[in-house]
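Colleague: Quick note, the sequences are listed as chains Y and F, same order.
Okay, so the first sequence: first residue is 5 according to the working numbering, each after it adds one.
Okay, so the second sequence: first residue is 5 according to the working numbering, each after it adds one.
2 protein chains.
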Amino acid sequence: MNSAPRPMIDVAIVEDNVPLGESLRMVVDSMEQARCVGVWTSAEEGLRKIDAFRPAIVLMDINLPGMSGIEATARLKREFPEIQVIIVTVHRENEKIFEALKAGACGYLIKRSRASDVRQAILDVHNGGAPMSAEIARRVVEAFHSAPAKAAPEEAAVHLSVRETEVAKLVAEGLANKEIADRLDLSIETVRGHLKKIYDKLHVRCRTEAAVKYLDSIRDRNPFG
Amino acid sequence: MNSAPRPMIDVAIVEDNVPLGESLRMVVDSMEQARCVGVWTSAEEGLRKIDAFRPAIVLMDINLPGMSGIEATARLKREFPEIQVIIVTVHRENEKIFEALKAGACGYLIKRSRASDVRQAILDVHNGGAPMSAEIARRVVEAFHSAPAKAAPEEAAVHLSVRETEVAKLVAEGLANKEIADRLDLSIETVRGHLKKIYDKLHVRCRTEAAVKYLDSIRDRNPFG
DNA sequence: CCGTCAACTACCCATTCGGGTTGAGCGGTG
DNA sequence: CACCGCTCAACCCGAATGGGTAGTTGACGG
Chain Y
5 MNSAPRPMID VAIVEDNVPL GESLRMVVDS MEQARCVGVW TSAEEGLRKI
55 DAFRPAIVLM DINLPGMSGI EATARLKREF PEIQVIIVTV HRENEKIFEA
105 LKAGACGYLI KRSRASDVRQ AILDVHNGGA PMSAEIARRV VEAFHSAPAK
155 AAPEEAAVHL SVRETEVAKL VAEGLANKEI ADRLDLSIET VRGHLKKIYD
205 KLHVRCRTEA AVKYLDSIRD RNPFG
Chain F
5 MNSAPRPMID VAIVEDNVPL GESLRMVVDS MEQARCVGVW TSAEEGLRKI
55 DAFRPAIVLM DINLPGMSGI EATARLKREF PEIQVIIVTV HRENEKIFEA
105 LKAGACGYLI KRSRASDVRQ AILDVHNGGA PMSAEIARRV VEAFHSAPAK
155 AAPEEAAVHL SVRETEVAKL VAEGLANKEI ADRLDLSIET VRGHLKKIYD
205 KLHVRCRTEA AVKYLDSIRD RNPFG
């Protein structure tokens, strides 16, 4: 009650599991800095009511009957980009979590998180953080690498010799070592030898990876092969 | 010791401040799971020696005389994408840290971190994590949002089922069946089963061909899968 | 209740791969 | 000349792969 009353953090919850939803509401309402402005049991209901309540943060279940939490997040962020979405998920839904982050969620909570984790996540987000596990954080960072990396790339000057390039090309066509040997009139052992050097130079461990990298590398250059 | 001797995590350190570098070495060498394979005092020296030592993780100072840690990280990741880089920085160099992450670093350490933080960061990275603060995490996630603008679909590019598509994607990343099984939480036999169907549907006979066809089929679509 | 289909698991088997090592011939360069 | 990189070749071995066959389960629609 002083002259600098921090505005409360309004939090909405979209969760079809009613007990869990109520449990989350209690946790939110137990916070000094936050309050729950609504608990809705479907993405459709949430999207309908969110405009009236304008929460700062939405705890969004990822698995909802009807529209998924991912789709809901995407729509929500399109309509109200300032609203932060924290995905609520059961353990081990990495793929979905990743999709949700792409859709605009800024972090997530595991369903069996303790109350303190929930509070912390809300504060994290409010303070500009992004609550997520190490594993997901890494995947996000990695996805993040490749995108800006394409802006100023110019791949490593990994230069394959003439013979190695011929082999790499055939590997990328899906030929087996024996077929490559026939095609280039070499011994299969020689093909294997070249392959080892190729793996080494390309920093890969199998022909499939080598094929992908090789094709990738000639995509920007003069594709005379 | 037991019959499952985990291989040591080789860590290299690039830090021009010698006392700090030695201090980091001691912390690394104090770990059961890790060891320090070199402490180098410049980016140039690091890049020169790294090929011989092939550390799994590099602790890279962000401010180095001559080539910066950011530039060094970018070059390092171009040459050896499998090496994980943890940026070592004085606090509050957000812009630079962000740049470093874009350059390919997967996380960072504050210079005055405690030994336990250093150990934790190394283990985090080794276990697929990405050590970083809430603030940086959020910026990464946000940068990540703007690029992709899609939400839900799982279009089977050709005729592949959802599961088959997941498998195909991982094959195209060069993963072995066992790794795919781990990643998707399946039995290796199931992966093989899906693979057989994929070969059938794609009219190919090996994973490499499948990878190429799959990548080809999604090249027009979303950059992420 | 039954048929179908996708997803999942399992076992067998011949072949192929990847890794490590070694070595020879050749041409260019310091 | 000695050294180095490229090409070609061979051997060993454990692990991975592809090919075939077969069975269970759950969901969906007849």
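Think of the CB as a built atom: it goes at the ideal place given N, C-alpha and C, for glycine as much as any other residue.
Only a predicted model underlies this, so the values are computations on that prediction, with no experimental measurement involved.
1. So the alpha helix (DSSP H) R123 (chain F) belongs to, where does it begin and stop?
2. Which of helix, strand or coil does DSSP assign to R52 (chain Y)?
3. For L28 (chain Y), which of Y:A119, Y:G111, Y:K81, Y:I87 has the nearest alpha-carbon?
4. Do you know offhand how far S2 (chain Y)'s Cα is from H198 (chain F)'s?
5. For A196 (chain Y), name the three-state secondary structure that DSSP assigns.
6. Anything in the segment 81-101 of chain F with a Cβ closer than 7 Å to a Cβ of chain Y? List those residues in chain order, please.
7. Which one or two residues does DSSP pair with M71 (chain F) in a beta bridge?
8. Beta-carbon separation of A60 (chain F) and Q88 (chain F) under 8 Å?
9. When we look at the beta-carbon of G70 (chain Y) and count the other beta-carbons within 10 Å, is it buried (16 or more) or exposed?
10. Buried or exposed: A76 (chain F), going by 16 or more other Cβ atoms within 10 Å of its Cβ?
11. So which residues of chain F does C210 (chain Y) contact, with C-beta pairs closer than 8 Å?
12. Does the beta carbon of A8 (chain F) sit closer than 8 Å to a beta carbon anywhere in chain Y?
13. Are any of the Cβ atoms in chain F nearer than 8 Å to that of E213 (chain Y)?
14. Using DSSP bridges, identify the partner residues of I222 (chain F).
15. Curious, which full-length beta strand (DSSP E) runs of at least 3 residues does the segment 7-45 of chain F contain?
16. Any beta carbon from chain Y within less than 8 Å of V18 (chain F)'s own beta carbon?
17. Just how far apart, CA to CA, sit D121 (chain F) and K100 (chain F)?
18. At a Cβ cut of 9 Å, what residues of the segment 99-122 of chain F count as close to chain Y, listed as they run along the chain?
19. Run through the DSSP bridge pairs and tell me what L3 (chain F) is partnered with.
20. Three or more C-beta pairs closer than 8 Å, one from the segment 12-20 of chain F and one from the segment 202-215 of chain Y: is that the case here?
21. Check for me: the alpha helix (DSSP H) holding I184 (chain Y) runs from which residue to which?
22. Which residues bound the beta strand (DSSP E) around L63 (chain F)?
23. Residues of chain F with a CB under 7 Å from the CB of H207 (chain Y): which are they?
Modeller: Well, looking at it:
1. Per DSSP, the unbroken alpha helix (DSSP H) holding R123 (chain F) starts and ends at 119-130.
2. The answer is helix: DSSP assigns R52 (chain Y) an H, G or I state.
3. Y:A119
4. Residue coverage of chain Y in this structure runs from 5 to 229, which leaves residue 2 (chain Y) outside it and unanswerable.
5. Correcting the residue type first, residue 196 (chain Y) is Arg in the shown sequence and not Ala. Looking at R196 (chain Y) - three-state DSSP - the assignment turns out to be helix.
6. R82, E83, F84, P85, E86
7. Partner(s): none; M71 (chain F) has no beta bridge.
8. Taking C-beta atoms as the reference points, A60 (chain F) and Q88 (chain F) count as a pair closer than 8 Å.
9. exposed
10. Per the 10 Å Cβ criterion, buried.
11. Simply G178, A180.
12. Unreliable positioning characterises A8 (chain F) in this predicted model, as indicated by a pLDDT of 44, which lies under 50. The coordinate reading is nonetheless provided below. No, A8 (chain F) lies away from the interface with chain Y (no Cβ there is under 8 Å from its Cβ).
13. Yes, E213 (chain Y) counts as interfacial toward chain F.
14. The partner list for I222 (chain F) (beta bridge, DSSP) is empty, contrary to what the question assumes.
15. 13-18, 38-44
16. So no, V18 (chain F) is outside the interface.
17. 21 Å
18. L105, K106, A107, G108, A109, C110, G111
19. The first residue shown for chain F is 5 and the last is 229, placing residue 3 (chain F) beyond what the model contains.
20. no
21. For I184 (chain Y), the enclosing alpha helix (DSSP H) has its first and last residue at 181-188.
22. 61-65
23. F84, P85, E86
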